[in-house]
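According to numbering that gives the first Met the number 0, the sequence shown holds residues 0 to 225 in order. Backbone N, C-alpha and C define an ideal beta-carbon position, used for all residues, glycine too. I have placed the structure first, in the form of structure tokens, so that the comments after it can refer back to it.
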Amino acid sequence: MTAFEAAALTRSYHLEGVTVDALRGVDLTIGDGEFAAIIGPSGSGKSTLMHLLGCLDRPTSGVLKVGGVDVSTLDDTRLAELRNRMIGFVFQSFHLLGRTSALDNVALPLVYRGVPRAERRRRAREALEAVGLAHRLDHRPSQMSGGEQQRVAIARALVGDPQVVLADEPTGNLDTRNGDEVMGLLERLNADQGVAIVLVTHEPEVAGRARRQIHVRDGLIERDVA
Ligand SMILES: Nc1ncnc2c1ncn2[C@@H]1O[C@H](COP(=O)(O)OP(=O)(O)OP(=O)(O)O)[C@@H](O)[C@H]1O
Ligand SMILES: [Mg+2]
């Protein structure tokens, strides 16, 4: 199956009479199990594209299929269901709940799926073990290092068994060693479990570890190198 299929995708933002054409006609196919990096200058549309792929936002025009489903045929509830079932997110600034334990942060996506509490906790524990944080279940984000927090975020992205993990600058706030560890985790996830990874990065070294580099400029794909 194909994780993402985009044709002539555009996204324009309208702000106080001003229009910004953030994406200006993107054609892109990302297959199951791929490992792709999206790179490009600041403001070129990378996050906008990630938000569309992740069903956090809708295109202005064009066709986007996620897991073979044309998102324009789904109402907001169905779109959220598709997102919940198929996609895990990792953000540069972790986006964890600050006053909540690692275990409960990771279990949260399962609440929206109606998974019973005991099973939520079991699966969250497994996901945290998989990222090497079995000893930090009860720590809050403020009691963890940046690298540990990002691993919690990866566990949260994984707990629902997604087909795809979308990561926007996942190593952007980490030092080299922690960034390296996070990349290693994503690589293992891709190799061992066949989870497709699409990540945005500014770092050529990080991009070089992906099997495909998609260069974005001015809202268009400029170059796509496998
Ligand atoms: N919510 C919004 N409302 C209005 N304009 C927006 C909005 N989000 C993004 N833009 C504009 O759309 C363009 C693309 O933004 P986007 O966030 O996708 O860039 P990016 O490639 O992710 O940049 P960066 O590398 O700095 O994160 C920019 O010109 C930005 O100012
Ligand atoms: Mg961005």
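In the structure shown, L107 falls within a helical segment according to DSSP collapsed to helix, strand and coil. With 16 or more other Cβ atoms inside 10 Å of its own Cβ, T170 counts as buried.
Under the 8 angstroms Cβ criterion, the segment 49-65 counts as touching the segment 2-9, having at least three qualifying pairs. According to the DSSP secondary-structure assignment, G30 is paired through a beta bridge with T1. Excluding residues up to 5 positions away in sequence, S46, M49, F90, Q91 and V199 lie with their Cβ nearer than 7 angstroms to the Cβ of D167 in the same chain. Annotation for H50: the continuous alpha helix (DSSP H) segment containing it runs K45 to L52.
When DSSP states are grouped into helix, strand and coil, D74 belongs to the coil group.
Collapsing the DSSP output to three states places S41 in coil. For T47, the shortest separation between its Cβ and any heavy atom of ligand 1 lies below 8 angstroms.
Annotated three-state conformation of Q212 is strand, per DSSP. Relative to ligand 1, the nearest heavy atom lies less than 8 angstroms away from the CB of G218. With a cutoff of 8 angstroms, L14 counts as near ligand 1, since its C-beta is closer than that to a heavy atom of the ligand. The closest heavy atom of ligand 2 lies 8 angstroms or more from the beta carbon of E202.
Membership of E202 in any beta strand (DSSP E) is not indicated, and neither H nor E is assigned to it by DSSP. Scanning H134, V151, D75 and P161 for the CA closest to the CA of G32 turns up P161. For R139, the CB contacts under 7 angstroms within the same chain, skipping 5 residues up- and downstream, are G97, R98, T99 and S100 in chain order.
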